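Some notes on the structure that comes next.
Number of protein chains: 2
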Amino acid sequence: MADIRLGILGFGFMGHEHMNLLSKIPEITVSAICDNVPSQMDDAPKGITKYTDMDDLINDPAVNTVLIVVPNPLHKEAAIKAAKAGKNIICEKPAALSVADYDEMVAAAKEAGVRFTVHQQRRHDHDYVPMKKVFRDGLVGKTYLIRSMMYGVNGNMHDWHIYPEMGGGMLYDWGIHLIDQVLDMVPEKVTSVYADIKKVINKDVDDYFLLVFRFESGLTAEIELGTYFLTPRREWMVLGDKGTAIFDVDFVNGMKETKKIVRTRHLLENVPGKITMTSAGPTRSFGPPEEGLLYEEPLPEVKSSEFDWFRGYIDAIENGTEFEITVEQVRRDLCIMDAFRESAKTGKAVEFES
Amino acid sequence: MADIRLGILGFGFMGHEHMNLLSKIPEITVSAICDNVPSQMDDAPKGITKYTDMDDLINDPAVNTVLIVVPNPLHKEAAIKAAKAGKNIICEKPAALSVADYDEMVAAAKEAGVRFTVHQQRRHDHDYVPMKKVFRDGLVGKTYLIRSMMYGVNGNMHDWHIYPEMGGGMLYDWGIHLIDQVLDMVPEKVTSVYADIKKVINKDVDDYFLLVFRFESGLTAEIELGTYFLTPRREWMVLGDKGTAIFDVDFVNGMKETKKIVRTRHLLENVPGKITMTSAGPTRSFGPPEEGLLYEEPLPEVKSSEFDWFRGYIDAIENGTEFEITVEQVRRDLCIMDAFRESAKTGKAVEFES
């Protein structure tokens, strides 16, 4: 049985979310919480140990694992202190605001012999997991394009996310998840990346981005996100030469989900050189498909839940096995994010792993 | 009154289409047609002069304007011959398979003192015209992104479009139109372009592309087209900081059109630094919009018809004014197409007009 006694360092929005979730996971005990704004902890469970100084939580002998949920710029200090105190570390994303900072955090954990992972839990998102299976099992044949889209209507960013120096903006907040999903889905080298990152509504932080990954097999993945993209939805597409898979969550119509693989019964058959005089719709190439040409299959059913990340964490601790989110993977996520930022800044594609 | 006596050079699919359209335009007389496959002309109107050799049509004194609808590799020869014969020239798109060829065609027309334009008629498409107005009139505020999408289900290309040496592939066939629309819509310099061009179903010619235009104001335009993208539709989006405009034609559901501008009544209002504990949907940034936040307005009504291109042509001939499609614009379309091809080949962004 795993002996996981957590201290939650930072009791803002995500600190509370963790507390709520962990209260349903008996294998993990939340032993203490900490926030430098005491009122943030007013609604904490009765009897829990509360601190306002991170050192006190980190050095509490009742805590053997520090869950770092403080603002992004404090991750490094917190992780290094926790490592030195001999505590295992779970860090919120983005793990660090630079690869150099991240390397210091990982080195500190290694030197201290403590375990380190990052709460990039969206590998278990229910819209992602079946699409990964579609891709990995070749359910649409040879995939040529993966699209991951996230559109919202708020415009403004919330809370500290409006401050660049806090690691604000959507690339840090959601981009890290969306990037991690694509890299987790496709076990290939990325040869180059290209990005367009904009500030549409927010003055100081990004709120729109297009990220293009070019993989060595020729596969392309695109991520597009906007906070002022008024067709609000979360949509995945995996497109191959044997079909198109879609997982679409329409935020307007009651979170209606469209999940399917669309296939064609046959391709256009057209003797080379023969003149086809029938015009189908606006052109011969595009227009209404003939009746019955398209048919649909369900997406594969793959179960996932909000508990999966911590279940995996418990397993790795109990069995001494590698975490699902490895330090190398997180480093790769951060490196490619830097490459995307460079691309957006220079307007050029950036070579990566080539 | 304009004296326009056309010879249609090439009587395949598009030659027939032109004949049908022109039969409804009284200001233009079709005096002769030509195809090197005589049976192609079997269904031509009775009494029309038919040729099988392009020289005969070009030199027919009853013809003062040559409409070039022969396969792409023959455009250059036909245009230069027509110019030398003193005939005005209307050339089908793509005007030429290289900028060098195009320059020779234009030079020949200039030297002969004949008029030259290209049948890039899709500037009058009914899905394009209102979106251009949305952009030009600032109806969604400051535009940050324009998307032009065309998805079909045929997979295979038809007829000669499967041959690269004929100017086959979708970039030449539809790309030229889609590029021309974007450049016509946005009166700005393009600073750089980036493209991903693939052969998904077809062995020798492109059938998928993503084209990204970066304009000097910071605006981005994206074109995406696929012949095996099984959510078949034509969709325009113009996204600004005051709304999102959409013109979507769903090829599956009876060509159903969704045309609207979506706006928000307000942006997220969130005092900086304040912790917002309400979680709306899957995150605080994305999820169902609050009731009444989004509202819709109709797109502006702008009339357009399949006759507009030739109406404009007639006006320019009658009044001696510049054609809607100028030689410089077509040259720019071809140059940027080359830049997109270079980008796709190298994986790098390509500077353009910067």
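Residue numbers (my numbering), protein chains in the order written: chain A, 161 to 514; chain B, 161 to 514. For every residue, glycine included, the Cβ atom is placed at its ideal position computed from N, Cα and C. All values derive from a computational prediction rather than experimental measurement.
Rounded C-alpha distance that separates residue i from residue j
i        : j        : result
A:Lys292 : A:Lys505 : 31 angstroms
A:Glu457 : A:Val409 : 18 angstroms
B:Tyr473 : B:Phe483 : 6 angstroms
B:Asn314 : A:Arg307 : 21 angstroms
A:Arg516 : A:Val412 : No information on residue 516 of chain A is available, as it lies outside the stretch 161 to 514 that chain A covers here.
B:Pro432 : A:Asp319 : For B:Pro432, the predicted structure reports a pLDDT of 48, less than 50, and the residue's modelled location is therefore unreliable. A value from the coordinates is still provided. Going from the Cα of B:Pro432 to the Cα of A:Asp319 covers about 5 angstroms.
B:Asn316 : A:Gly480 : 52 angstroms
B:Ala243 : B:Thr189 : 20 angstroms
A:Ala239 : A:Pro233 : 11 angstroms
B:Asn219 : B:His286 : 37 angstroms
B:Lys206 : B:Pro231 : 25 angstroms
A:Asn186 : A:Ile496 : The question names Asn, but residue 186 of chain A is Pro in the sequence shown. Whole-angstrom Cα-Cα distance: 36 angstroms.
A:Asn180 : A:Ala204 : 10 angstroms
B:Arg449 : A:Thr387 : In the sequence as presented, Arg is not what sits at residue 449 of chain B; that position holds Pro. Approximately 12 angstroms, taken between the alpha carbons.
B:Ser377 : A:Ile361 : 16 angstroms
B:Phe295 : B:Gly400 : 9 angstroms
B:Gly327 : B:His321 : 7 angstroms
B:Phe184 : B:Phe467 : The amino acid occupying residue 184 of chain B in the given sequence is Lys; Phe does not appear at that position. So the two alpha carbons sit approximately 9 angstroms from each other.
B:Phe512 : B:Arg492 : 10 angstroms
A:Arg501 : A:Tyr455 : 40 angstroms
A:Ile249 : A:Ala272 : 11 angstroms
A:Pro442 : B:Ser514 : Per-residue confidence for A:Pro442 stands at a pLDDT of 42, beneath the threshold of 50, marking its modelled position as unreliable; no derived number is given.
B:Leu494 : B:Leu331 : 11 angstroms
B:Gln489 : B:Glu348 : 13 angstroms
B:Met214 : B:Tyr262 : 19 angstroms
Boundaries (first-last residue) of the beta strand (DSSP E) holding residue i
i        : result
A:Lys210 : 209-211
A:Phe369 : 368-375
A:Ile188 : 188-194
B:Asn248 : 248-251
B:Gly400 : 393-400
B:Phe295 : First-last for B:Phe295: 289-296, but that is the alpha helix (DSSP H), not the beta strand (DSSP E).
B:Ile485 : No beta strand (DSSP E) holds B:Ile485; DSSP gives it neither H nor E.
A:Ile240 : Run containing A:Ile240: none in the beta strand (DSSP E); it sits in the alpha helix (DSSP H), 235-244.
A:Ile515 : Not covered by the structure: residue 515 of chain A. The range shown for chain A is 161 to 514.
B:Leu454 : 454-457
As assigned by DSSP and simplified to three states, the class of residue i
i        : result
A:Arg283 : helix
A:Pro442 : Unreliable positioning characterises A:Pro442 in this predicted model, as indicated by a pLDDT of 42, which lies under 50. The coordinate reading is nonetheless provided below. It is coil, neither helix nor strand.
A:Glu348 : coil
B:Gly472 : helix
A:Asp525 : A question about residue 525 of chain A goes unanswered here, because the residues of chain A that appear run from 161 up to 514.
A:Arg165 : strand
B:Arg425 : coil
A:Lys206 : coil
A:Ala509 : coil
B:Glu264 : helix
B:Asp356 : strand
A:Gly315 : coil
B:Ser503 : helix
B:Phe173 : helix
B:Arg275 : coil
B:Gly403 : strand
B:Tyr332 : helix
Check: residue i C-beta below 7 angstroms from any heavy atom of the ligand GDP
i        : result
B:Leu459 : The model on display carries no ligand, and the ligand GDP is accordingly not part of it.
C-beta contact flag for residue i and residue j at 8 angstroms
i        : j        : result
A:Cys194 : A:Ile228 : no
B:Val350 : B:Arg374 : yes
B:Asp340 : B:Arg283 : yes
B:Gly301 : B:Gly403 : yes
A:His235 : A:Ala268 : no
A:Thr424 : A:Leu453 : yes
B:Gly507 : A:Ala476 : no
A:Leu160 : A:Ser191 : The shown model of chain A, from 161 to 514, leaves out residue 160 of chain A, and the question about it has no answer.
A:Gly335 : A:Phe389 : no
B:Val226 : B:Lys253 : no
A:Asp364 : A:Pro324 : yes
A:Ala260 : A:Val353 : no
B:Arg394 : A:Phe446 : yes
B:Ile421 : B:Leu459 : yes
A:Leu343 : A:Ile383 : no
Residue interval of the alpha helix (DSSP H) (run including residue i)
i        : result
A:Gly386 : Premise fails: A:Gly386 lies in the beta strand (DSSP E), 380-386, not in any alpha helix (DSSP H).
A:Ile218 : 214-218
Segment contact flag, the stretch 364-373 of chain B with the stretch 275-290 of chain B, C-beta cutoff 8 angstroms, min 3 pairs | no
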